[in-house]
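Okay, structure first, notes after.
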Amino acid sequence: MQTAQLKIGSPITRIDGRLKVTGEARYASDTPLGDPAYAVLATSAIARGRITDIDETEARAVPGVLDILTHRNIGGAVKKTKLFSDGGYVGTTIMPLGSDQVWHDGQIVAVVLAETFEAASDAAGRLVVRYAAEEPAAGFDSAGATTVAAKDVSKTHEDPEVGDAAAAFAAAPVKIDAGYSTPTQHHNPIELFTTSCAWSDGKLTVWESSQNVTGFKNGLAEQLGIEPDKIRVISRYIGGAFGSRGSLTQRTALIAVAAKRLDRPVKLVASRKQGFTIATYRAETRHRIKLAAGQDGKLQSLTHIGWEVTSRPDNYMVSGTDASTRLYACPNVASKVSIVHADRNTPGFMRSPPEVPYLFAIESAMDELAVALDMDPVELRRRNDTQNEPIKGLPYTSRALMPCFDHAAQAFGWDKRSPKPGSMRDGDWLIGWGCAATMYPTQVGPAAARVTLFPHGAVKVQTAAHDIGTGAYTVVALTAADRLGVGIDRITVELGDSDLPPAPVAGGSNTTASVCNVVAKACEQIRVQIAAAAVAAPDGKFAGAAPAQLVLADWSLKGPGGAAEPLDEAIARASNGAIEAYAENVPHGVPPEGLKKLYQGHAALAGGAKMKDRIQFAFGAEFVEVRVHARTREIRTPRIVGAFAAGKIVDPVTAESQLMGGMIWGISSAPHEATEIDRRAARYTNTDLAEYLIPVNADIDRTQVIFVAEDDRQVNELGIKGLGELGNVGTNAAVANAVYHATGVRIRDLPIRLEKLLNAPAIKL
Ligand code: MOS
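The letter at position 681 of the sequence shown is residue 691 when you use my numbering, and the numbering goes up by one with no holes.
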């Protein structure tokens with residue numbers, strides 16, 4: 011049966027949905043390994059100091075225990091490699107089992123290997139680790155924490171500035187000068203951090219949920235001192251990632267070493283609690299924002315100073331001033347980012363890493379400025395809208411911020427808002443309406459893909475991209491269906507395997523743009539081959555046509571004047587078997603070594619504010635209704651409307667799902683989400699899903715996603731901007747601004763918990 015042919019832009023549910031809901035989708039730790047040994051991690055009970063002794067007697071006596079790895083027996087087995095953000099692959103340079111040194115609480119201090127998970131767990135609990143502990147610094151304001159300027163320790167960081175922000179601030183009539191903060195947060199993907207490793211004939215296979223299989227392959231090769239082609243990393247389905255699986259954690263190499271020592275496959279499933287310290291997380295941040303405007307609302311000065319907590323040895327930073335200083339027109343801008351080293355594990359990417367904390371600060375401050383000016387916050391954004399970023403004057407390839415505000419405002423009913431705080435009420439519930447802008451860099455990287463068209467029209471697409479739950483399988487299939495003119499049910503997509511043609515890390519919302527463009531390119535090579543054979547054929551059906559005039563559509567080859575022939579006949583004329591195409595694509599702005607970097611598994615993304623000739627971002631506007639109970643201060647968010655302009659939308663169903671998911675994360679994160687820290691011990695305390703607050707269905711009521719049409723062929727041939735991270739960038743500020751409107755209390759420190767609203771002047775019982 012031939013099904014209808016779908017196009018890029020057709021709304022379809024995800025093609026891997028059935029496999030996922032029936033349990034047929036096989037996640038990394040579901041992979042049968044024959045007769046594996048089971049690994050359980052033991053982690054440090056101190057945050058700073060040295061291991062003085064490990065008594066293994068009782069642990070080794072547990073029946074079924076095979077081996078215990080510690081720094082004493084495998085100390086040099088894993089080589090130190092560079093941090094992802096310094097051009098390496100790992101998310102931390104802290105080397106567990108590399109020495110006796112403890113850098114943070116919950117650092118891996120031993121790997122216990124046993125015949126069963128139960129025996130390994132039992133033995134891990136019986137290890138007696140003794141320490142020489144030192145006083146740890148937990149983060150900001152801790153004795154012993156040290157602060158350095160980002161630009162002193164990073165080759166790529168810039169502190170955007172233009173004009174004279176201090177003088178303009180001093181001279182301006184209306185000013186805001188305020189501090190903001192965001193807490194430590196952890197990704198908490200539902201799929202735990204797991205690794206399975208097996209060696210065979212000197213080749214290592216790793217099954218691990220990964221956003222970067224090609225990077226993991228190359229990074230592991232460096233760590234283990236072997237050739238990359240001896241390693242295969244498989245990650246077909248991913249139970250949540252959000253950035254936590256983009257850089258290589260140190261556990262993978264340890265499990266590879268364990269499998270080699272035992273000469274047997276080894277499987278690790280780390281606990282939820284361990285996931286807080288053996289992987290990365292979102293760094294705690296602080297901000298000082300100074301805004302100054304004329305009475306007309308036009309910004310005259312903008313200053314954004316940011317601080318971020320990191321580990322002792324790693325200069326990890328997100329430094330979101332790249333975006334926050336470019337959101338509005340302003341002649342005088344200053345910024346500076348600093349990082350604060352403490353005795354913590356190294357933070358890393360977490361959904362929209364730079365923009366989430368930095369836009370919370372700037373978009374809260376913009377709301378405060380609107381209040382100070384007695385101006386509608388949407389109008390304030392309109393007066394400061396621009397098509398050129400203010401620092402260098404580079405043009406946005408496209409920017410539909412105000413159309414997004416207008417569409418969302420209308421759908422929300424913003425014109426019915428009474429601006430005075432506390433003036434909208436429904437019985438005991440105070441109603442607050444707030445809004446904020448959202449933005450995310452449009453990034454595209456080099457990618458490769460192989461597309462095979464079989465004689466009867468079946469198609470196989472292969473690329474080592476990743477579907478982190480976003481719908482990558484589906485958008486890749488839609489692209490091939492569109493370009494080869496076949497039904498989507500005839501398309502098989504293979505992703506998440508480092509043996510496939512490489513694709514970038516599934517980070518920075520680049521996958522749809524990077525991968526669909528290269529898949530389209532491979533399909534085009536196939537079309538050209540078929541078309542060339544058709545115009546050269548003696549039967550004359552396409553005689554006189556140029557190959558460029560022939561298209562593959564609706565299971566046919568079609569040409570000028572209504573000429574058409576069935577696809578299988580066209581294929582048979584071009585080839586006596588399948589037609590295979592291998593394509594590589596290097597987008598605009600990628601340096602010449604980008605293609606080589608792709609094969610090495612390095613991110614070579616171009617876009618955002620990092621280009622020389624232009625600037626490319628996707629934009630949106632989010633409007634939130636909060637309800638605060640006048641007596642209990644309970645905070646609810648019954649309604650959110652977001653409008654987004656993100657170029658071509660390949661599949662409106664999966665795109666809506668991404669944006670909705672981002673907004674849901676945001677409206678739950680703003681009032682709830684934080685990793686709590688026992689500051690004396692520099693230890694996370696709410697390390698499970700009972701105490702780390704995430705949304706449930708009862709928290710979410712009405713959500714609406716609006717797509718604002720945008721045609722931008724500068725960003726890439728298909729006009730795709732990417733939107734996986736766009737949805738939750740503005741939400742925290744929109745909620746905080748709505749809470750201010752409801753209560754008159756400006757909450758500048760996330761999360762917005764009800765105890766912060768106890769002394770609310772606008773609340774009258
Ligand atoms: Mo995303 S935090 O760029 O995986």
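By construction, the Cβ of each residue, glycine as well, lies at the ideal position given by its N, Cα and C atoms. Since the structure is predicted, the reported quantities are computational estimates derived from the model, not experimental observations.
The beta-bridge partner set that DSSP reports for Phe286 is empty.
Less than 8 Å divides the Cβ of Leu301 from the Cβ of Ile186. Beta bridge pairing from DSSP links Cys207 with Val216, Val276.
Distance from the Cα of Ala188 is smallest, within the candidate group Cys207, Gln284, Thr259, Arg298, for Arg298. Along the length of the stretch 473–542, whole alpha helix (DSSP H) runs at least 4 residues long occupy 482–494, reported in chain order. Under the rule that a run must span 3 or more residues, the beta strand (DSSP E) segments found entirely inside the stretch 109–174 read 118–124, 138–143, 156–159. A distance below 8 Å separates the beta carbons of Gly734 and Gln668. Proximity of the beta carbon of Pro514 to the ligand MOS is not indicated: no heavy atom of the ligand is located closer than 7 Å. Short of 6 Å from the beta carbon of Thr313, and not among the five residues preceding or following it, lie these beta carbons of its own chain, in chain order: Ala175, Lys300, Ala344. Among the bridge pairs identified by DSSP, Ile200 is matched with none. Straight across, the Cα-Cα distance linking Leu202 with Gln559 is about 51 Å.
Spatial neighbours of Ile478 in its own chain (CB-CB distance under 7 Å, excluding positions within 5 residues in sequence) are listed in chain order as Gln221, Ile248, Ala251, Ala516.
Fewer than three beta-carbon pairs drawn from the stretch 102–119 and the stretch 22–42 are found closer than 8 Å, and the two stretches are therefore not classed as touching. Using a 10 angstroms sphere on the CB of Thr407, the tally of other CB atoms reaches 16 or more, which defines it as buried. For Arg624, the Cβ stays outside the 7 Å cut-off from all heavy atoms of the ligand MOS.
The beta carbon of Ile659 lies closer than 7 Å to those of Gly19, Ala665, Phe717 in the same chain, with the five residues before and after it left out. Shortest gap from the CB of Glu735 to any heavy atom of the ligand MOS: under 7 Å.
By DSSP's assignment, Asp63 forms a beta bridge with Arg140.
About 4 Å separates the CB atoms of Ala293 and Pro357; that is less than 8 Å, so the two are in contact. Using a Cβ distance threshold of 8 Å, Val279 and Thr204 count as a contacting pair.
Judged by DSSP secondary structure, Pro451 falls within the beta strand (DSSP E) whose first and last residues are 439–451. Relative to the non-hydrogen atoms of the ligand MOS, the Cβ of Arg361 comes within a distance shorter than 7 Å of at least one.
In this structure, Phe252 has its beta carbon less than 7 Å from a heavy atom of the ligand MOS. In this structure, Gln221 has its CB closer than 7 Å to one or more heavy atoms of the ligand MOS.
Distance from the CA atom of Thr697 to the CA atom of Gly33, rounded to whole angstroms, is 27 Å. Counting the other Cβ atoms within 10 Å of the Cβ of Val636 gives 16 or more, which makes it buried. Shortest Cα-Cα distance from His639 to any of Ala547, Ala752, Ala593, Ala614 involves Ala752. Taking the CA atoms as reference points, Ile650 sits about 41 Å from Ala57.
With 16 or more neighbouring CB atoms inside 10 Å of its own CB, Gly657 falls in the buried class. In terms of Cα proximity to Val725, the closest of Gly740, Ala375, Val454 is Val454. When DSSP reads this structure, Val718 sits in no beta bridge, so it has no partner. Using a cutoff of 7 Å, the CB of Gly330 does not count as near the ligand MOS, since none of the ligand's heavy atoms is closer than that. Shown here, Asn742 sits in a helix according to DSSP, grouped into three states. Fewer than three Cβ pairs drawn from the stretch 701–711 and the stretch 162–178 lie within less than 8 Å of each other, which leaves the two stretches out of contact. Taking the Cα of Lys90 as reference, the smallest distance to any Cα among Thr157, Gly229, Glu66 is reached at Gly229.
Under DSSP, Trp317 forms a beta bridge with Arg296, Ser348.
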